[in-house]
Amino acid sequence: IQQLEAARFSVVELRTTHKHGVEPSLSGQERERVRGRFARSKVRLVSLGTTCEFHSAEPAVRQRNVDLCKQFIVLAHDVGAYGVKVRPNSFPPGVPRQTTIQRIGQALRECGEYGLRYGVEIWLEVHGAETQNPPNILAMMKESNHPSVGVCWNSNPTDVIDGSVRRNFELLRPYLKSCHINELTNAYPWRELFTLMRQSGYDRWTLCEVEQSKEPERFLAYYRALWTELTR
Numbered sequence: 025i026q027q028l029e030a031a032r033f034s035v036v037e038l039r040t041t042h043k044h045g046v047e048p049s050l051s052g053q054e055r056e057r058v059r060g061r062f063a064r065s066k067v068r069l070v071s072l073g074t075t076c077e078f079h080s081a082e083p084a085v086r087q088r089n090v091d092l093c094k095q096f097i098v099l100a101h102d103v104g105a106y107g108v109k110v111r112p113n114s115f116p117p118g119v120p121r122q123t124t125i126q127r128i129g130q131a132l133r134e135c136g137e138y139g140l141r142y143g144v145e146i147w148l149e150v151h152g153a154e155t156q157n158p159p160n161i162l163a164m165m166k167e168s169n170h171p172s173v174g175v176c177w178n179s180n181p182t183d184v185i186d187g188s189v190r191r192n193f194e195l196l197r198p199y200l201k202s203c204h205i206n207e208l209t210n211a212y213p214w215r216e217l218f219t220l221m222r223q224s225g226y227d228r229w230t231l232c233e234v235e236q237s238k239e240p241e242r243f244l245a246y247y248r249a250l251w252t253e254l255t256r
């Protein structure tokens, strides 16, 4: 938190299984402690980044992931986060794609309805070897059809068509609730993405998702400076 404050980062998403230890196993007192620590800082805890996924061909596996997602929803509520990030990861072999999309959509709707009771949104990351293709994510959104369920843009190479992300951005923009960005020095059209966000009225966050640096303070300062330039 101190490093983020020093670099003037305003929000953070905590990824599950990392050193912070913010997991569903926390006691009520520990949850209050996490909430208080962020409340006393300049950094807002906006989301919990989970690996909950709903594409499995096995009903028991899907249900286990739904149940885990619900635990994270309660945790998010208790620690003061807005959303829980989930993901698709693949299309299981031998299962029609539309069937998998329907299963994912149904699970998202169930989690979205549960989250509504706690004031917590469900953010589907644009993720997975084939599931990350924006038309597939759009189909999942239409299948879920719930106001508490949306998309976490993930800044993937598959977003880009002829050097531009406009077509796929416009496809998913109505559902956009969060955004992951990564290495701002690569070939991804960052300036175009940020311009499209601004022009469309997107007023949420771009969350830095990169490899750990041996010089975190220095890295975050440079990252912030480059982000500021690209968002002009």
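Residue numbers for the sequence shown follow my numbering, beginning at 25 and rising by one.
Just so it is clear, CB atoms sit at the ideal spot from N, CA and C, and this is done for glycine as well.
Bear in mind the structure is a predicted one, so any value in this text is a computation, not a measurement.
Take Trp-229, set aside five residues on each side of it, and the residues of its chain with a beta-carbon closer than 7 Å to its own are Val-35, Val-70, Ser-202, Cys-203, in chain order.
Leu-72 sits in a strand when the DSSP states are folded into three classes. For the segment 77-117, the full-length alpha helix (DSSP H) segments reaching 4 residues or more read 83-103 along the chain.
The shortest C-alpha to C-alpha distance from Ala-30 to any of Leu-254, Thr-252, Tyr-246, Glu-241 is the one to Glu-241. In this structure, DSSP gives Leu-195 a helical state, which the three-state scheme calls helix. Per DSSP, reduced to three states, the secondary structure at Glu-37 is strand. If you ignore the 5 residues before and after Leu-92, its C-beta comes within less than 7 Å of the C-beta of Cys-76, all in its own chain and listed in chain order. The residues Ser-65, Val-67, in chain order, have a CB closer than 6 Å to that of Ile-25 in the same chain once the five nearest residues on each side in sequence are set aside. Under the three-pair Cβ rule at 8 Å, the segment 147-155 counts as touching the segment 110-117. For Trp-177, the enclosing beta strand (DSSP E) covers residues 173-177.
For the set Ala-105, Thr-209, Pro-213, Phe-96, the Cα lying nearest the Cα of Arg-248 is the one of Thr-209.
Judged by beta-carbon spacing, Gln-95 lies within the 8 Å limit of Pro-48, meaning their Cβ atoms are closer than that value. Shown here, Lys-166 sits in a helix according to DSSP, grouped into three states. Between the segment 83-91 and the segment 52-60, the count of C-beta pairs closer than 8 Å stays below three; the two stretches do not touch. Around the beta carbon of Val-234, a 10 Å sphere encloses fewer than 16 other beta carbons of the protein chains shown; the residue is thus reported as exposed. Taken through DSSP and simplified to helix, strand or coil, Ser-237 comes out as coil.
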